[in-house]
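Below is one structure, written out as structure tokens, with a few remarks after it.
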Amino acid sequence: MEWLGPEEWKAVALSLRVSVWATVASLPPGIFIAYALARWSFPGKQVLNGIVHLPLILPPVVTGYVLLLTLGTQGPIGSILAEWGIVLAFRWTGAAVAAAVMAFPLMVRAIRLSVEAVDPKLEQAGATLGASPPWVFVTVTLPMALPGIVAGTILAFAKAMGEFGATITFVSNIPGQTRTVPLAIYAFLQVPGGEGSAMTLVVVSVVVAMSALLLSELIGRRVAARVGGA
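See the structure below:
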């Protein structure tokens with residue numbers, strides 16, 4: 001990829017870093033919330049479901065502004081974190097948080113649908129054999145839902161790579177610090193002669209997005225075949 005210049009490389013590397021951390025941090029709570037929505041009945045379940053999917057409905061700029069109000073250094077949560085030396089606003093870690101929030105609904109939805117597809121009778125059979133609920137989840141539900149988990153993880157990564165609105169609102173567009181690929185494309189389009197660099201990053205974005213979708217489909221099918229043949 002010698003056709004990428006230094007600025008493009010910085011944007012791509014930062015995007016990969018942000019997306020990986022956003023996806024890894026989202027996976028454990030994503031699995032937990034997806035399972036809770038699929039299997040449990042509790043007060044406020046629909047409220048939780050609405051909150052999880054809210055970033056898909058709200059304009060991304062609104063989501064970024066809410067993050068800035070709550071996690072900024074003057075926010076109720078951000079001020080506490082700042083006392084511990086943790087600053088998210090205008091940092092790459094804040095970009096990871098914004099990307100995670102925007103990608104979280106896609107991850108949860110894919111995993112939830114996969115959990116709902118697991119036959120509850122299989123879980124009940126494990127329970128009747130004396131297995132505890134956590135052990136039933138680990139040995140029965142989790143392996144059977146693995147295709148959805150893989151698909152949700154890859155889709156969340158792809159979404160994080162393309163996040164723009166919430167990121168630029170929460171952490172701004174700082175070269176080398178918060179300028180991911182979408183923000184770099186925006187920046188290049190604002191200066192004369194930057195169209196070439198912008199188009200280069202557009203191609204990179206399309207390749208990454210299509211690769212993620214194809215990889216999600218391929219891995220999902222292979223895992224489903226192994227689970228079905230087990």
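Numbering follows UniProt numbering, with no gaps: position 225 of the sequence shown is 225.
Don't be surprised by glycine CBs; every beta carbon is placed ideally from N, CA and C.
Remember, it's a predicted structure, so these values are computed and weren't measured experimentally.
According to the Cβ coordinates, are residue i and residue j closer than 7 Å?
i, j, result
"SER26", "MET161", "no"
"LEU106", "VAL97", "no"
"VAL140", "GLU163", "no"
"GLN166", "THR73", "It should be noted that the sequence gives Ala, not Gln, for residue 166. No; because the gap between Cβ atoms is not below 7 Å, this pair is not in contact."
"ALA22", "ALA110", "no"
"VAL171", "PHE42", "no"
"VAL181", "ALA11", "yes"
"VAL108", "ALA187", "no"
Below 8 Å on the Cβ atoms is my contact criterion, and I expect residue i with residue j to pass it. Report the Cβ-Cβ distance as a whole number of Å.
i, j, result
"SER216", "LEU155", "6 Å"
Buried or exposed: where does residue i fall if 16 or more other Cβ atoms within 10 Å of its Cβ makes it buried?
i, result
"LYS121", "exposed"
"MET144", "buried"
"PRO147", "buried"
"GLY193", "exposed"
"PRO55", "buried"
Excluding the 5 residues flanking residue i on each side, which residues of the same chain have their C-beta closer than 8 Å to its C-beta?
i, result
"LEU189", "GLU195, ALA198"
"TRP92", "LEU14, ARG17, VAL18, VAL171, GLN177, THR178"
Looking only at its chain, what residues have a beta carbon closer than 7 Å to the beta carbon of residue i, apart from the 5 residues adjacent to it on each side?
i, result
"ILE77", "THR70, LEU71"
"ILE149", "ILE31, ILE111, SER114"
Measure from the alpha carbon of residue i to the alpha carbon of each residue in the options, then state which is nearest.
i, options, result
"ILE31", "VAL52, LEU129, LEU81", "VAL52"
"ALA158", "ALA209, PRO28, PHE104", "ALA209"
Between residue i and the rest of its own chain, which residues show a CB-CB distance below 6 Å, the 5 nearest in sequence each way excluded?
i, result
"PRO60", "GLY165, ALA166"
"ILE219", "VAL150"
"SER135", "Strictly speaking, residue 135 in this sequence is Trp, with Ser absent from that position. Within the same chain, TRP135 has no close Cβ partners at all."
"MET102", "PRO55, GLU163, ALA166"
"VAL206", "none"
Is the CB of residue i under 7 Å away from at least one CB in chain B?
i, result
"LEU69", "Absent from the structure is chain B; it holds one protein chain and no more."
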